[in-house]
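Be aware that the sequence shown starts at 1, since it is given in the numbering used here, and climbs by one per residue.
All residues carry an ideal CB built from backbone N, CA and C; glycine is no exception.
Everything numeric in this text was worked out from a predicted model, so none of it was measured.
In what follows, a single structure is set out as structure tokens and then discussed.
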Amino acid sequence: MATGRIRGLPDPLGRWTSERATIAARHATAHADDDRELDVGESTSPPTGGEAAAARPFLKWAGGKTQLLEPLIARAPREIGTYYETFLGGGAMFFGLLANPELAPKRAILNDLNHHLVTVYEVVRDEVESLIEALGALSESYLEAGDDERSEFYYAQRSRRPTGRIDLAARFVFLNKTCFNGL
Numbered sequence: 001m002a003t004g005r006i007r008g009l010p011d012p013l014g015r016w017t018s019e020r021a022t023i024a025a026r027h028a029t030a031h032a033d034d035d036r037e038l039d040v041g042e043s044t045s046p047p048t049g050g051e052a053a054a055a056r057p058f059l060k061w062a063g064g065k066t067q068l069l070e071p072l073i074a075r076a077p078r079e080i081g082t083y084y085e086t087f088l089g090g091g092a093m094f095f096g097l098l099a100n101p102e103l104a105p106k107r108a109i110l111n112d113l114n115h116h117l118v119t120v121y122e123v124v125r126d127e128v129e130s131l132i133e134a135l136g137a138l139s140e141s142y143l144e145a146g147d148d149e150r151s152e153f154y155y156a157q158r159s160r161r162p163t164g165r166i167d168l169a170a171r172f173v174f175l176n177k178t179c180f181n182g183l
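This is the structure we're talking about:
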């Protein structure tokens with residue numbers, strides 16, 4: 001299971017979600033409508049044998065709330081039955097709540113209109129090991145390219161059509177981590 005960083009991936013590709021967020025995401029169920037929704041289900045505790053790293057967003061997203069988390073978390077209700085996220089993006093608020101055991105919602109429903117983004121979260125939930133492997137292959141190819149060829153590799157990845165869910169998710173994360181400022 002992924003914890004903190006994906007082994008073998010250099011920055012900016014190495015930052016990833018914590019084990020706790022991955023566990024929570026694995027319990028989600030997805031519904032494909034015009035809006036995409038992830039039902040994260042019941043909260044889970046960290047695995048035995050140690051405490052999980054604090055969950056945090058693994059994607060940069062326009063309008064992200066990471067810089068605003070402290071005042072937002074301070075205003076959050078002390079008990080959250082079901083947390084609804086209408087515009088998930090990078091998930092800063094969701095991960096911020098998960099990182100705080102006293103505020104972690106009992107259940108969470110995560111939504112976003114961007115179906116590629118929702119697919120990334122579904123793949124993290126359902127097939128994280130395959131995603132890590134695909135990201136490792138992309139990272140290796142990217143790093144093997146010389147400085148001049150990296151730009152060409154990036155644009156080739158950006159223009160190609162993904163072949164499946166794991167490929168789509170890996171490509172999405174790769175582009176998010178290697179594009180200008182992650183946006």
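Per DSSP, the bridge partner or partners of residue i
{"i": "GLU85", "result": "LEU110"}
Coil, strand or helix - residue i by DSSP
{"i": "ILE132", "result": "helix"}
{"i": "PRO162", "result": "coil"}
{"i": "LEU168", "result": "helix"}
{"i": "GLY96", "result": "helix"}
{"i": "PHE58", "result": "coil"}
{"i": "LYS177", "result": "helix"}
{"i": "ALA32", "result": "Since pLDDT at ALA32 reaches only 37, below the 50 mark, its modelled position is unreliable, and the value read off the structure follows with that caveat. Reduced to three states, the DSSP call for ALA32 is strand."}
{"i": "LEU103", "result": "coil"}
{"i": "ILE80", "result": "coil"}
{"i": "ARG150", "result": "helix"}
Distance CB(residue i)-CB(residue j) smaller than 8 Å
{"i": "ILE166", "j": "SER130", "result": "yes"}
{"i": "LEU103", "j": "ILE132", "result": "no"}
{"i": "PRO57", "j": "ALA92", "result": "yes"}
{"i": "LEU113", "j": "ALA170", "result": "no"}
{"i": "LEU110", "j": "GLU85", "result": "yes"}
{"i": "PRO105", "j": "THR82", "result": "yes"}
{"i": "THR178", "j": "TYR154", "result": "yes"}
{"i": "GLY96", "j": "TRP61", "result": "no"}
{"i": "PHE94", "j": "ALA108", "result": "yes"}
CB-CB length for residue i against residue j, believed under 8 Å
{"i": "TYR69", "j": "LEU88", "result": "First, the amino acid is wrong: residue 69 is Leu here, not Tyr. So it is not a contact: roughly 15 Å between Cβ atoms."}
{"i": "LEU143", "j": "ARG158", "result": "Not confirmed; about 18 Å, so no contact."}
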